[in-house]
Every structure is written in C-alpha cells, then in structure tokens.
C-alpha cells in the first residue's frame, strides 16, 4: 500500500461499520444471558409480607421471613428507647438517630432486616457489648437500635420499607 | 517437542497419523525428555490429574441422583447416602476428593515456590496453574453449597456477600448472583449448573498447563536449564510414569483412609442440619483449604479492606515471577531465601489455624501478624533477598556436580548413571 492510499477509504468504513453492528449484536445477545440471572417474577412476587404483632409483649421480639431474609420486629420498652436515644452520634460508626429508624408515634416498634451488614449472617439477640445484637460470624456488635457499634460491619442494620396497616398489623415491603 | 520425527510402523497407522497426528502426540508424550533428578515433589502433577478425573467421574454419577432444589436437595443427598447403591461410597469419594485435590495442589504450589518453577521461562505455566487454582476454589465452594445444609447455606451467604463490599454496584451484583433477595432456590440451581461446568473448564486449562510445560520442559530440583535429550534426561515413559504411579498409590492409600475411616473429619457437622435462613450457626467456618484466606479477611476491621486484602492474597501470586529478582531458580542454592520459604509455609499454616478459631483475642493478633508477613514475603522479601543474596554455586549440569561444594553429594554419585 503506498503512502497516498493511507487516507480513509471505503474499506475502512466497511470494517468500522461491520465491527459496530457486530458489537451491538453481541451485546444484544449477551444482555439476556446476564439479566436472566436477576430475580425472576416469582421472586419479585414475594416482595411483601404482613405480620400480626398483637401478641408481642414489650421487650420481646419476633423474627419473620421476608424475601428469604429474616426481619426482626422488636417491641422496645421505654427504658430501651431512652437508652437508644441517649447515645451520642459521635460514638456511632454510621451516625443515625434512633428517631430516624422507627415510625413517628410508633417509637416502640423497631422493624429491621435481621441481616448483618458485614457478610449477611443473622445476628443473635440480647447479646454483645451494647445490649442489642451480636453477629457470631465475624464479631459485629449492634446496639438496641440495631446500629453498628463495634466490629467489621460497615453500616447499621437496614430498615426495610414497612407500614402499619392497622394497629395490630405491619406490612413489610 | 520430540527431537526426532515419529513414523508409525503400520501402513494404517501412518495413513491415520498423516491426517490427524495423534500418534505423534502420543510418541511425544511417551518420549518426552524429563530431568532425571525429579524427586517425589514432582509427582503431584500426575496426582492432581487423577484427582480431577476422580471428581469428574464421581460428580457425574452423583448428578444422576441429586436434585438441585432448595426443598429437595438435602433429602436427595441423604437419599444418595442411604438408598443409592454405593451412594455413600461415591459421595464420600467426591467430598473427600475435594480435600485431597486441595492437599495435592498446595504441595504442588509450594514445590513450585521452593524450586522456582514459576520463574522464566515458565511464567505462563504458573499463571495458568493459578487460574486452575481459582476455578478449583469456585468449584469447591459451589459444591459445598449443594447439600443445602446449614454450612452450605451460610457459607454461600457469607461468600456471596463479599461482593456486596464493592462500592455502588455491590448490592446489585449480590442480588444478581443470588437471583433472589437472599441465598435461595435460584442460587442453588445456578450453583449446581456452574459446579458441573467448572471441572471441564479446569480440564481445558490442564491441557494448556501441560502444553505450556512441554515447551520449555520440566524444571528440576537443581533448577538449571538442561539440554534435551541428553545425559541429564530420561524418557517420560517408563521412568516418570512408574514413579508417578508409585506416588499415586501412596496418595490413594491416604485418600482411602479418609474415605473409609474418617469420611466426615474434614467436613463440618452443622452441614447435616438442613439449611435454615433464620439461624446462623454459632461458628461458621469455610472448608479447611480456604481457611488462610478467611483469616486474612477477618484480620481487617473493615469490610471493603478485608475483601480487597483477601483477593490480593491470591492475585499477588500472579505477579510472583516478576517480584522474584533472583537469577537462581532453586532454593537449594539460595541459603537466605530458603529460610524465608519455610517461614512462609509456617505463616500460611498458622493463618489456616487461626482462620478456624474465633476472630478475637490472641487469634486476631496472630491473624494480623500472619497477614502482614504474608504480604511482606512477596512484596519485600522476594525482591530484596533475590537482589542481595549470595547464592551457592550451581552445578554445570545435573550429571556434573559443582567442584566447590554446595550441591547435594548425591549429584556426584549420579555421574556414571546409565541414561
């Protein structure tokens, strides 16, 4: 090929156009292969759970399954609420007020995903250094508001979307 | 490749070989000139091939009886153990086979580290080997999930959650891996599919591993380049095949010892409890062969940091050929590096031990010290020692010992050996 012919010609255009169309085609085939692994319709259909909370005494908690994960519903005593609110935000690795973790006017109800934010184990209740939960897998301590206090977990235990359907029923999801 | 042209004897064989030179390949593998001083640490390549084939054969058979569904998996494994003819034997071979596979691969890797087998011109063999090792860990992890016991479920939860440490997209990736909002039936189903796939990927890489090995030829205990074929080499068959076969027999005796006498000693009793997404076992530990990395993960009091360090512990091995600055391959002639090598072995064993212990008190301290040393060994010790160390004189060839001493006296005796 001589030097004069180095400018863009028909063949270069055809190469570029072919590669581009080919790449789009490959992408169009790969995406369904990847996306099929995301949660399917049947999994998504399990997205809400209703829980009857009438039988839970103050200071007690229950665990329910939502989307395959445990959710802790704890009815806290006034002392526990006071303890959670007395904590200084500076002492928290992931600062969040207790008020922001419960529904206003329903302060006694702590509803949170019972999943350690480190690597997903289920923390044990009434254990650990902060009167809350303790994860046996890698030693994360959570307080009475489910906030991370000590250990490798990076964030507080997650509060799922939930609402009070009536005074005795909570809908999670 | 073979130094002489192979010509099949019969006309039919020649006709076939001209069209597909399989017989030439066979002749190459038979005649392949191998250093005559290979010791028993070199038999683990053959042992590993045996392990892979054992896992594939027993695995295919188990798949004929296993059901990959969250409601049925646990019961189907018990069905294999109690009802299927010889099911207990096949499953125990498969589950203990995984441990034996890792035992062999760790010896194989440390042999490479001691004798400098990863060094030029064998970097590609080393890297393909590490890819096999990574796939082995993936296959072993997914295989451990299939019985759907408590350790299966929570091991899967912890390991998949490692990916949630990735900033921004971590949670989406984890959900994508699960195919659900937690480890659930879709997760089990796809793990079974991938667990079946990976051994065949490994098989393909093993072919490349051996192909890459046959280009420069074997390293050897003295770590010097040899002329092939020469006084320094023997044909692969029957010299190496018979040695490999003997080592394999000894290995199979140990293997059978586990299978028939203590088939569950390397497992965890919690995995005989069906998976329960509401209760995490009190002491959740991975299989023994992953414990050193688990210790590194737990030694860091930060989620992302721990995950990065754990993966780095494996990926740093990929650049090992370029971190080692020594011109001498074998640690036999490297008096300083040799000592650091044994410190590394002890360090990895210690990490494995503390990985099985609770992450608190003295164990956490040991895990941190062990982790720091692990990385220091590769990042500091290997480049610096390779540069500063005064190595012992290396022999001219395997047959000719060095006159000034330093080589093993046994080498001198081999001078008059028939080749």
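Residue numbers (the working numbering), protein chains in the order written: chain A, 1 to 173; chain B, 1001 to 1419. Ideal Cβ positions, reconstructed from N, Cα and C, are used throughout, including at glycine. None of these values were measured; they are calculated from a predicted model.
Residues that DSSP places opposite residue i in a beta bridge
i	result
residue 75/A	109/A
residue 141/A	134/A, 150/A
residue 172/A	49/A, 162/A
residue 1235/B	1033/B
residue 64/A	71/A
Secondary structure of residue i, DSSP reduced to three states
i	result
residue 6/A	helix
residue 54/A	coil
residue 1321/B	helix
residue 166/A	strand
residue 1148/B	coil
residue 1303/B	helix
residue 1416/B	Residue confidence for residue 1416/B is low, a pLDDT of 41 falling below 50, so the modelled location carries little weight and cannot support an answer.
residue 1274/B	strand
residue 174/A	What the structure shows of chain A is the stretch from 1 to 173, and residue 174/A is not part of that stretch, so it cannot be assessed.
residue 1266/B	coil
residue 1186/B	helix
residue 1350/B	helix
residue 40/A	coil
residue 1140/B	helix
residue 1217/B	coil
residue 1020/B	coil
residue 1455/B	No answer is possible for residue 1455/B: it lies beyond the span of chain B, which begins at 1001 and ends at 1419.
residue 95/A	coil
residue 1167/B	coil
residue 117/A	coil
residue 1283/B	coil
residue 1327/B	coil
residue 1398/B	coil
residue 102/A	coil
residue 1120/B	coil
residue 1196/B	helix
residue 157/A	coil
Closest Cα partner of residue i within the set the options
i	options	result
residue 1230/B	1165/B, 1091/B, 1036/B	1036/B
residue 135/A	1307/B, 1333/B, 1348/B, 1284/B	1284/B
residue 1221/B	1117/B, 1149/B, 1144/B, 1247/B	1117/B
residue 139/A	1370/B, 1394/B, 1357/B, 1384/B	1357/B
residue 1372/B	1047/B, 1070/B, 1348/B	1348/B
residue 1318/B	1129/B, 1080/B, 1276/B, 1075/B	1129/B
residue 123/A	156/A, 97/A, 30/A	156/A
residue 1287/B	1279/B, 1271/B, 1254/B	1271/B
residue 1394/B	1047/B, 1344/B, 1268/B, 1224/B	1224/B
residue 1191/B	1159/B, 1204/B, 1215/B	1159/B
residue 57/A	48/A, 42/A, 73/A	73/A
residue 1065/B	1209/B, 1005/B, 1076/B	1076/B
residue 1097/B	1256/B, 1071/B, 1067/B	1256/B
residue 1383/B	1119/B, 1233/B, 1267/B	1119/B
residue 1125/B	1168/B, 1329/B, 1216/B, 1179/B	1216/B
7 angstroms CB neighbourhood of residue i in its chain, flanking five on each side removed
i	result
residue 1378/B	1316, 1320, 1323
residue 1008/B	1014, 1017, 1023
residue 11/A	none
residue 1244/B	1043, 1046
residue 46/A	67
residue 1163/B	1170, 1173, 1174, 1177
residue 1002/B	With a pLDDT of 43 at residue 1002/B, under the threshold of 50, the modelled position of this residue cannot be trusted, and the question is left open.
Cβ-based neighbour list, residue i, same chain, cut-off 8 angstroms, excluding 5 preceding and 5 following
i	result
residue 165/A	50, 171
residue 1389/B	1326, 1334, 1335, 1336, 1337
residue 158/A	112, 113, 115, 117
residue 52/A	168, 169
residue 1404/B	The predicted model places residue 1404/B with a pLDDT of 46, which falls under 50 and marks its position as unreliable, so this point remains unresolved.
Same chain, Cβ closer than 6 angstroms to residue i, neighbours up to 5 away in sequence not counted
i	result
residue 128/A	134, 141
residue 92/A	147
residue 98/A	84, 85, 145
residue 149/A	130, 141, 143
residue 108/A	75, 76
Expected contact under 8 angstroms - CB spacing of residue i and residue j to nearest Å
i	j	result
residue 1187/B	residue 1156/B	6 angstroms
residue 116/A	residue 153/A	6 angstroms
residue 1376/B	residue 1350/B	Actually they are not in contact, since the Cβ atoms of residue 1376/B and residue 1350/B sit about 14 angstroms apart, beyond 8 angstroms.
residue 39/A	residue 1181/B	6 angstroms
residue 1092/B	residue 1263/B	4 angstroms
residue 1313/B	residue 1293/B	6 angstroms
residue 1211/B	residue 1107/B	Not quite, the Cβ-Cβ distance comes to about 22 angstroms (not below 8 angstroms), so this is no contact.
residue 1048/B	residue 1094/B	Not a contact, Cβ separation roughly 16 angstroms.
residue 1206/B	residue 1052/B	7 angstroms
residue 1154/B	residue 121/A	6 angstroms
residue 1311/B	residue 1034/B	The pair is not a contact, with the Cβ atoms about 36 angstroms apart (cut-off 8 angstroms).
Interface flag, residue i vs chain E, CB-CB below 8 angstroms
i	result
residue 87/A	Structure shown: chain E not included; protein chains present are A and B.
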